[in-house]
Amino acid sequence: MRALLRSVESTMADVIFLQEVSKVALTELLRQPWIEEHWYASEADCSAFGKQKVPLPSRFDRDALCCDLLVNSSSGRTLRIRLINVHLDSLPINPSRRPQQFALVTAYLSVADRGLIAGDFNPVLPEDADLVSANELEDAWTSLHPPDPGFTWGVNGEHTFPPNRLDKVALVDLKPSNMRVMRTHEVDVDSCTTQQGEGILSKSPPHFSDHFGVLCEVEWMEDR
Numbered sequence: 001m002r003a004l005l006r007s008v009e010s011t012m013a014d015v016i017f018l019q020e021v022s023k024v025a026l027t028e029l030l031r032q033p034w035i036e037e038h039w040y041a042s043e044a045d046c047s048a049f050g051k052q053k054v055p056l057p058s059r060f061d062r063d064a065l066c067c068d069l070l071v072n073s074s075s076g077r078t079l080r081i082r083l084i085n086v087h088l089d090s091l092p093i094n095p096s097r098r099p100q101q102f103a104l105v106t107a108y109l110s111v112a113d114r115g116l117i118a119g120d121f122n123p124v125l126p127e128d129a130d131l132v133s134a135n136e137l138e139d140a141w142t143s144l145h146p147p148d149p150g151f152t153w154g155v156n157g158e159h160t161f162p163p164n165r166l167d168k169v170a171l172v173d174l175k176p177s178n179m180r181v182m183r184t185h186e187v188d189v190d191s192c193t194t195q196q197g198e199g200i201l202s203k204s205p206p207h208f209s210d211h212f213g214v215l216c217e218v219e220w221m222e223d224r
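Here the sequence shown is numbered in full-length UniProt numbering, starting from 1 and rising by one per residue.
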C-alpha cells in the first residue's frame, strides 16, 4: 500500500481510478492520512453500493462506477464531466461480454456533456481491438503515442500470455494532452501478507500490482 501511495502522490493527480481493491486494502487505504486530508472517496467503508451501481452483463459480477464533476464554465453554463471506472470481463471466453459492456457504459457517457471511461478493458480477443473506435470514442494513448504499444500488463514476464495494453482511457469531447505508463515497483517480501495473515512466497520480489498504471492529462476547449 505504501509503495502504491508513493507512486500516486508523486503524480499530483486530481482523480484516481482503482480496480480490484480488496476489503482489507480498502480499509487500509481509507485510513491513510494523505487520503483523509486531500481526497474525496467514492467509498466511506466496505459496504456495497446496493442499487446505486451500473450493472453490466457479466460472467464475473462486474459493474461500472460513475462520478459526475460539475464545472462552472466562462459562459455561466455548468458543464457535466462524467468519469466512469470500469473493469471489463476477463479471459478470452466466447461469446465475449466486453462489447456489450462497453456499449452500455458508452451510453451512460454520451448523455453527459463530456467525459471518459478508464480502467482495465481486458482486450484479449481480436474484436476487442475496436471497442473504443466502434463506440466513437477517442483512445487517449493511440492519439498521443501511435507507434508505441504502451503495454500495461505482462511486461515483467510473470505471465504465460504476451504483454498487452489492457488499461486504457477512452474520451468523448475531452482532449488528451499528455499520457504515460507508470511502472510498478518491487515491494519488501517480508512486509507482504495475504488476507489470512500468511507470508507470500515468491522466487523474486513481487510488485504492488501486476498491472502498470496510466497517467492521463486531459483538457477541454475552454482551457485554451
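For each residue, glycine too, the CB sits at the ideal point set by N, CA and C.
Output the distance between the C-alpha atoms of T152 and E43, rounded to the nearest integer angstrom.
26 Å
Cβ neighbour criterion (16 or more within 10 Å) applied to L29:
buried
Contact set for T27: own chain, Cβ-Cβ below 7 Å, skip 5 residues either direction:
Exclusion of the five residues before and after T27 leaves C46 as the residues of its chain whose Cβ lies within less than 7 Å of its Cβ.
Proximity below 8 Å, CB of A118 to CB of N85:
yes
Could you pull the DSSP bridge partners for T160 from this structure?
Beta-bridge pairing links T160 to no other residue.
Relative to the C-alpha of residue 302, which candidate in F161, A103 and L69 has its C-alpha closest?
Residue coverage of the chain in this structure runs from 1 to 224, which leaves residue 302 outside it and unanswerable.
Can you check whether the CB of L65 is closer than 8 Å to the CB of R114?
Contact: no.
For the beta strand (DSSP E) holding P176, just list the boundary residues, first then last.
That run of the beta strand (DSSP E) goes K175 to M182.
Of the residues W220, D128 and N178, which one's Cα is nearest the Cα of L91?
D128
Alpha-carbon spacing of F161 relative to A41, whole angstroms
34 Å
Enumerate in chain order the residues of its own chain whose CB-to-CB distance from R97 is below 7 Å, with the five nearest sequence positions on each side excluded.
P57, S58, R59 and D89
So, are the CB atoms of V172 and V214 less than 8 Å apart?
No, the pair does not count as a contact, with Cβ atoms beyond the cut-off.
Short Cβ contact (8 Å threshold) for V106 with L79
A small fix is needed here, since residue 106 is Thr in this sequence, not Val. It is not a contact, given that the beta carbons lie outside the stated cut-off.
Which value, in whole angstroms, describes the spacing of the CA atoms of R183 and S10?
13 Å
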